[in-house]
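Reminder that position 71 of the sequence shown reads as 81 in the working numbering, one-by-one numbering, no gaps. Here a beta-carbon is modelled for each residue, glycine too, at the ideal position from N, C-alpha and C. All remarks here apply to the structure that follows.
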Amino acid sequence: MASRDLDSVLKKWDFRPGEVNARLIKARNGREVLQMRVDMGVLQMETDLRPDGLRPNGAETYYDYLVGEVIREGDAFRLSQEQCAEADREFVQFYHRRLCWLSLREYRRAARDADHSLAFMDFVREHSPTEEWTISHEQYRPFVLFHRVQAGALAALEERGPEAAIAELNAGLGRFRDLFVRYDAEEQFDEDDLVRRLREMRESLRHRYEVGSTLDEQLAEAVKSENYELAARLRDQIRAGLRGRRKGKGTAVNAEPSASDRGVDDMPGQAG
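Below is the structure:
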């Protein structure tokens, strides 16, 4: 009889507390799967769609299924207790996979999973059964957004270069400011730890790659100073750059970010 225990796997792969221990391997049927070493065990996840490989009620994810329910029932739809529990399961699964992608420097995949969680959080906010349940999820939105901004910036650094990465960080900081405004906490924006870390990452990239003001930053300054002729020229340059990227152009760099830039050195303890 074949052994059903995990002794051989656990003995060959030590658990390191305080770290995200992840790896990509080939399953017996040849498909690629993601594994995460946890205390006393291993989590195995699919690399696409839902991490557990299930298709809830035939949908690609539980979020997709719930969107279909809203289409059928209308905007007055509210999540049931069972649906809340299933939503939480999916949040946790995508959280674990997001940590793994960040640890493995699979930044585009990490960004994709963060986008899923943020979209699901938007859905929860609109269709939550209670304010308490809404708040229990919204409190983790900054952490998910932080991962999304980091992952997007590091993917841009690898694919298009440091200026693109800085532009991603600036856009992400704008999203953070919008979040603070939504909750009437704009005065806390500059002191927020996650905002501070993103700014430090931006300045680190400037220093490391000797990057001055990006086109987006120059445009913002031109508009602020009411230099509209310069602003028009800068907009034309930005549009030209976007067209070039769509044609596959861009400057990739060999990026070796630090652990803090990767965002996996001090992850929040709760899933989001």
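DSSP-derived helix/strand/coil call for residue i
| i | result |
| --- | --- |
| residue 116 | coil |
| residue 198 | helix |
| residue 33 | strand |
| residue 11 | Only weak support is given to the placement of residue 11: the predicted model assigns it a pLDDT of 49, under 50, and the question is left unresolved by the model. |
| residue 138 | coil |
| residue 143 | helix |
| residue 70 | coil |
| residue 90 | coil |
| residue 180 | helix |
| residue 209 | helix |
| residue 282 | coil |
| residue 149 | coil |
| residue 84 | coil |
| residue 259 | With a pLDDT of only 47 at residue 259, under 50, the local geometry of the prediction cannot be trusted, and no value is derived from it. |
| residue 193 | coil |
| residue 101 | helix |
| residue 96 | helix |
| residue 79 | helix |
| residue 270 | Low per-residue confidence applies at residue 270: pLDDT is 47, beneath 50, and the placement is therefore not dependable, though the value from the model is reported in the following sentence. Of the three classes helix, strand and coil, the one that applies to residue 270 here is helix, per DSSP. |
| residue 23 | coil |
| residue 162 | helix |
Minimum C-alpha distance to residue i - residue among the options
| i | options | result |
| --- | --- | --- |
| residue 92 | 104, 86, 72, 111 | 72 |
| residue 130 | 119, 192, 97, 14 | 97 |
| residue 140 | 200, 89, 250, 242 | 89 |
| residue 221 | 145, 197, 151, 177 | 177 |
| residue 192 | 249, 66, 151, 101 | 151 |
| residue 211 | 38, 183, 67, 250 | 183 |
| residue 189 | 237, 174, 132 | 132 |
| residue 209 | 194, 175, 238, 99 | 175 |
| residue 30 | 14, 110, 84, 40 | 110 |
| residue 167 | 82, 195, 196, 215 | 215 |
| residue 64 | 99, 17, 82, 85 | 99 |
| residue 94 | 149, 142, 83, 196 | 142 |
Own chain residues within Cβ distance below 7 Å of residue i, not counting five before or after
| i | result |
| --- | --- |
| residue 79 | 87 |
| residue 33 | 45 |
| residue 161 | 112, 117, 120, 121, 124 |
| residue 283 | Given that the chain is displayed from residue 11 to residue 282, the structure contains no residue 283 and the question cannot be resolved. |
| residue 18 | none |
Own chain partners of residue i with C-beta closer than 6 Å, once the 5 adjacent residues on each side are dropped
| i | result |
| --- | --- |
| residue 186 | 205 |
| residue 134 | 147 |
| residue 114 | 32 |
| residue 217 | none |
| residue 66 | 72, 75 |
| residue 138 | 144 |
| residue 163 | 175, 178, 179 |
Any chain D beta carbon closer than 8 Å to residue i
| i | result |
| --- | --- |
| residue 64 | Annotation note: the requested chain D is absent from the structure, which comprises a single protein chain. |
Distance cut-off 7 Å: residue i Cβ against heavy atoms of the ligand ADP
| i | result |
| --- | --- |
| residue 161 | Although the ligand ADP was asked about, the structure shown includes no ligands whatsoever. |
Own chain residues within Cβ distance below 8 Å of residue i, not counting five before or after
| i | result |
| --- | --- |
| residue 62 | 55, 56, 103 |
| residue 42 | 34, 35, 36, 57 |
| residue 70 | 59, 60 |
| residue 127 | 101, 104, 105, 108, 154, 282 |
| residue 16 | 51, 52 |
| residue 199 | 186, 187, 190, 205 |
| request: For the segment 41-51 and the segment 23-31, state whether three or more C-beta atom pairs, one from each stretch, are separated by less than 8 Å. | output: Contact between the segment 41-51 and the segment 23-31 is present, because at least three Cβ pairs lie under 8 Å.
| query | Which runs of the beta strand (DSSP E) fall wholly inside the segment 35-68 and span at least 3 residues, in chain order? | reply | The qualifying runs are 42-48, 51-56.
| Would you call the segment 140-158 and the segment 200-211 in contact, with 3 or more CB pairs under 8 Å? | For the pair of segments examined, the segment 140-158 was found to touch the segment 200-211: the number of CB pairs separated by less than 8 Å reaches three.
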